[in-house]
Ligand code: COA
Ligand code: MG
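Numbering (the working numbering), first residue to last: 7 to 311.
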């Protein structure tokens, strides 16, 4: 499993808001993406693009990963978004977020275009891609989409647009209303499996009611239990809620490290199954906590750069 970046929380910042862009600079979230798509009015698309290029080029963000969400590939803006960003941002742009992907060809198209633009600009580091799975066509083809490009880093389940695409009458983005059980269980599960099959992160989309921390936490937890790496925030108040859910708890990490050490000793002695703190552990038990330890190591490395 390749874990390239921390994505416990991805904060969306509308590109048309100079105020929020300025505020975002000092927010130490794992990942910030500047939005050129649905948070930006059609008559502000050009201004938002210029703001995004200037912000990525000139700002020292506290967040280690800086991304921009372009407009979808059926719009008149997407081409200019991509060219302006690669031309203007230099080496500072880590990831492009592509919304409303419909099939693997959309990912291949963005990959090729990025290659051309990077070569023209002489960039040394390939820009990563994250895509939104938020159309029924995308969910239907999610396995093929997830393996379409080596640039792909994450699949994001965008439940707002997805609900519209499937004709689900939900009240607010991310809301599950009175559905008995988890309305998005099937979709999240498919996204998580396709992501993991290809070594990608699965990231849960937005929850619009930012004054409802309990429900946000519940949605984040549902995603976490299916193997998601993190969740979007649309408001700074949601960041610590996501981080609390997607940060492995210190006691579990300490226990995992002790278990891995005890098991390494056992292997030296030629034993494959041992008793650890009263239960049987074998190689499967150790493998099951390897990823949690890797995430904890990454968080630790971020704290002490
Ligand atoms: N990024 C950076 N700063 C943000 C922010 C964000 N996403 N959302 C709010 N803030 C700032 C506000 O500017 C405000 O700053 P101030 O204290 O200096 O005035 C502070 O955080 C508190 O915000 P608040 O007053 O509670 O909310 P608001 O009414 O200013 O904004 C929204 C509410 C929903 C309009 C705003 O959070 C937003 O635009 N979120 C992103 C929407 C988005 O990107 N959607 C697309 C993806 S789904
Ligand atoms: Mg969307």
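Note that the Cβ used here is the ideal one computed from N, Cα and C, for glycine as well.
Remark: fewer than three beta-carbon pairs, one from each stretch, lie closer than 8 Å, so the stretch 295-303 and the stretch 270-283 are not flagged as touching. No heavy atom of the ligand COA is found nearer than 6 Å to the CB of residue 84.
When the alpha-carbon of residue 216 is set against those of 76, 57, 240, 42, the nearest one is in 240.
Residue 200 places its beta carbon less than 7 Å from that of residue 149.
Between residue 205 and residue 180 a beta carbon distance of about 27 Å is seen, past the 8 Å cut, so the two are scored as non-contacting. Shown here, residue 262 sits in a helix according to DSSP, grouped into three states.
Distance from residue 101 to residue 133 at the Cβ level is roughly 7 Å; contact confirmed, criterion being Cβ atoms closer than 8 Å. Out of 162, 189, 157, 156, the CA that lies nearest to the CA of residue 172 is found in 189. Collapsing the DSSP output to three states places residue 234 in coil.
Assigned with DSSP and collapsed to three states, residue 303 falls in helix. Pairing residue 195 with residue 232, the inter-Cα distance amounts to about 6 Å. DSSP places residue 115 within a helical segment (H, G or I) once states are collapsed to three.
Annotation for residue 86: the continuous alpha helix (DSSP H) segment containing it runs 84-95. Here the distance from the Cβ of residue 29 to the nearest heavy atom of the ligand COA is below 6 Å. With a beta-carbon spacing of about 5 Å, residue 140 and residue 168 fall inside the 8 Å limit used to define contacts. The C-beta distance from residue 154 to residue 110 rounds to 4 Å, short enough to fall under 8 Å. Here the stretch 256-265 does not lie against the stretch 29-43, with fewer than 3 beta-carbon pairs under 8 Å apart. Exclusion of residue 124 from the 6 Å shell around the ligand MG follows from its C-beta lying no nearer than that to any non-hydrogen atom of the ligand.
Inclusion of residue 164 in the 6 Å shell around the ligand MG follows from its C-beta lying nearer than that to a non-hydrogen atom of the ligand. Straight-line spacing of the CA atoms in residue 151 and residue 271 works out to 42 Å.
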